[in-house]
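For the sequence shown, the positions run 16 to 167 when the working numbering is used.
Working notes, beginning with the structure itself.
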Amino acid sequence: MHAPDRLDASHSHWTAAAPRSARPDHTTLPYAMARLAASEDARFPSGFAALVAALEYAFRQEEELMDDLGLALPEHREQHAALLTALQRCEQRVAGGDIAAGRAMLRLACAWFTLHRESMDAAVDDALLPEPFGPVSAAGGAASWCLPPGPV
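What follows is the structure, given as structure tokens:
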């Protein structure tokens, strides 16, 4: 399976996504979202489409990892599917020129990530930790998952 490109939050370019053997790194996604939120309107449609593709790939990686770990977690998969459906619908609007809709969706997706990371992803993280270290639920902090306050 060929990995689509994903935004490297420390630069203004896309880099190859991590191999399947690694835990999908959702820590870069909020930074990518913040960079996209700050982008010029002319660059927003291509950036939004690239972000959707990167999220599709990251979620697919995470779901494969969940399978490898024997974690069913249907609610986790349902959350991925719901966000992707909303983003894909919005992507069509953005491609048609509705940049404001894309920026609003970006803010909602950031709020979604805050909750998802603190709840659903914690179960995957817990399954990856060696026994002596115990669960890491509630690690990460909501502040690291949000765009700055105010309009996007």
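Each residue gets a CB set at the ideal place from its N, CA and C atoms; glycine is no exception.
Whole angstroms are fine: how far does the CA of residue j sit from the CA of residue i?
i    : j    : result
Y72  : A57  : 25 Å
L99  : G112 : 20 Å
L130 : A65  : 23 Å
D45  : L121 : Strictly speaking, residue 45 in this sequence is Pro, with Asp absent from that position. C-alpha separation (whole angstroms): 10 Å.
L123 : T43  : 17 Å
F59  : A142 : 37 Å
D82  : Q103 : 25 Å
A68  : S61  : 11 Å
R50  : L144 : 31 Å
I114 : D140 : 35 Å
F63  : R132 : 21 Å
S134 : A87  : 15 Å
Given a cut-off of 7 Å on the beta-carbon distance, is the pair residue i and residue j in contact?
i    : j    : result
C105 : M48  : no
H91  : F74  : no
R108 : A116 : yes
With H, G and I counted as helix, E and B as strand and the rest as coil, what does DSSP make of residue i?
i    : result
R118 : helix
L99  : helix
G85  : coil
L70  : helix
E90  : helix
G111 : coil
A53  : coil
L143 : helix
R132 : helix
A37  : Caution applies to A37, whose pLDDT of 44 falls short of 50 and renders its modelled position unreliable; the model cannot decide the point.
R104 : helix
Around the C-beta of residue i, are 16 or more other C-beta atoms found within 10 angstroms, so that it is buried, or is it exposed?
i    : result
G85  : exposed
P89  : exposed
E77  : buried
D136 : buried
Counting only beta-carbon separations shorter than 7 Å, does residue i have a partner in chain C?
i   : result
G85 : Reference to chain C is not applicable here, since this structure consists of a single protein chain.
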